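Asker:
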Amino acid sequence: HLELTMIHEAMILEYSGRHLALMEWAAQLKLMIYGVLIANIFFPWGIATRLSGGALLGAAAAIGLKLALLGVVLAVGETVLAKMRLFRVPTFLVLALTLALIGLLSHIILEVA
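Numbering (our numbering), first residue to last: -11 to 101.
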């Protein structure tokens, strides 16, 4: 049986072999790209400003550390949210809507001022 939160798994049930490998690879690549973007936008330290070997090595180490920390946060978050009851979902949706409205209002207020 498939649960409501397993829509992605239901979409790839008909694939196998190299097609399944490509689907999994695309999902992992998307997660990595989003992780790199989130890590570098919200935590911009460690980005290379020169094309020297030391700067690139330091930037690679920094993004590796940031992605490892983001992976731990993602794993803990998915573990906690997997135990969430279906009745608590509207509470999180209201929280997301409230944060979006606060962001929209702050954007409007800062643009006008």
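Where a beta carbon is used, it is the ideal one built from N, C-alpha and C, also for glycine. Model, not experiment: these values are computed from the prediction.
Three-state secondary structure (DSSP) at A84?
Answerer: Residue 84 sits at position 96 when you count from the first residue of the sequence shown. In this structure, A84 counts as helix in the three-state DSSP scheme.
Asker: What first and last residue would you give for the alpha helix (DSSP H) that runs through L69?
Answerer: The sequence position of residue 69 within the sequence shown is 81, counting from 1. Per DSSP, L69 belongs to the alpha helix (DSSP H) from G41 to A70.
Asker: With distance defined between alpha-carbon atoms, name the residue in M20, T37 and F75 nearest to K54.
Answerer: Mapped onto the sequence shown, residue 54 falls at position 66. Of the candidates M20, T37 and F75, the one whose C-alpha sits nearest the C-alpha of K54 is M20.
Asker: When you measure from the CB of G5 to every non-hydrogen atom of the ligand FMN, does any distance come out below 6 Å?
Answerer: The ligand content of the structure shown is nil, which means the ligand FMN is not present either.
Asker: Can you tell me whether L1 is helix, strand or coil according to DSSP?
Answerer: As a first step, residue 1 is located in the sequence shown; it is residue number 13 there, counting from the start. L1: coil per DSSP, three-state reduction.
Asker: Determine the closest residue to A49 out of A15, A36 and L87, with distance taken between C-alpha atoms.
Answerer: For this step, residue 49 is matched to residue 61 along the sequence shown. Out of A15, A36 and L87, A36 has the C-alpha closest to the C-alpha of A49.
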